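J.:
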Ligand SMILES: [Zn+2]
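Listed below in structure tokens is the structure:
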């Protein structure tokens, strides 16, 4: 199994923002808006694929994790502002760019 480790970080950052003190960070936390934000952020972030047998590659990525989280957060902030201005709660084909 191959996994995009950047997606794991995106999920973690979003979960932190939703569950912590930043309850008003997202204009809407419905499934569609959160998926749109996640997809938009992932489309702009460089993927980093790891296998289930995580080894040196995973370690190398973790050593850069602080910077990666900063990059991820910046893209989530950008995406959530776009979604807040133009929510598509009923449209799962929200265009991403
Ligand atoms: Zn919504």
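Numbering (this note's numbering), first residue to last: 599 to 695.
Glycine included, each C-beta is placed from N, C-alpha and C at the ideal position.
Note that this is a predicted model, so its numbers are computed, not measured.
(1) Would you grab the beta carbon distance between residue 611 and residue 671 for me? Rounded to a whole angstrom, and I think it's under 8 Å.
(2) Beta carbon of residue 685: closer than 7 Å to some heavy atom of ligand 1?
(3) For the alpha helix (DSSP H) containing residue 644, list its first residue and its last residue.
(4) Assuming residue 639 and residue 682 form a contact by the criterion Cβ under 8 Å, report the distance between their Cβ atoms to the nearest whole angstrom.
(5) Strictly by DSSP, which residues pair up with residue 602?
T.: On the basis of the supplied data:
(1) Taking the first residue of the chain shown as 1, we reach residue 611 at position 13. Taking the first residue of the chain shown as 1, we reach residue 671 at position 73. Indeed they touch by this definition, with Cβ atoms about 6 Å apart.
(2) Stepping through the chain shown from its first residue, residue 685 is reached at position 87. With a threshold of 7 Å, the Cβ atom of residue 685 counts as near ligand 1, since some heavy atom of the ligand is closer than that.
(3) Numbered from 1 along the chain shown, position 46 holds the residue referred to as residue 644. For residue 644, there is no enclosing alpha helix (DSSP H), as DSSP marks it with neither H nor E.
(4) Stepping through the chain shown from its first residue, residue 639 is reached at position 41. Stepping through the chain shown from its first residue, residue 682 is reached at position 84. For residue 639 against residue 682, the beta-carbon gap comes to about 14 Å, at or over 8 Å, which does not count as contact.
(5) Locating residue 602 in the chain shown gives position 4, counting from the first residue. DSSP, once it has assigned bridges, lists 647 as partnering residue 602.
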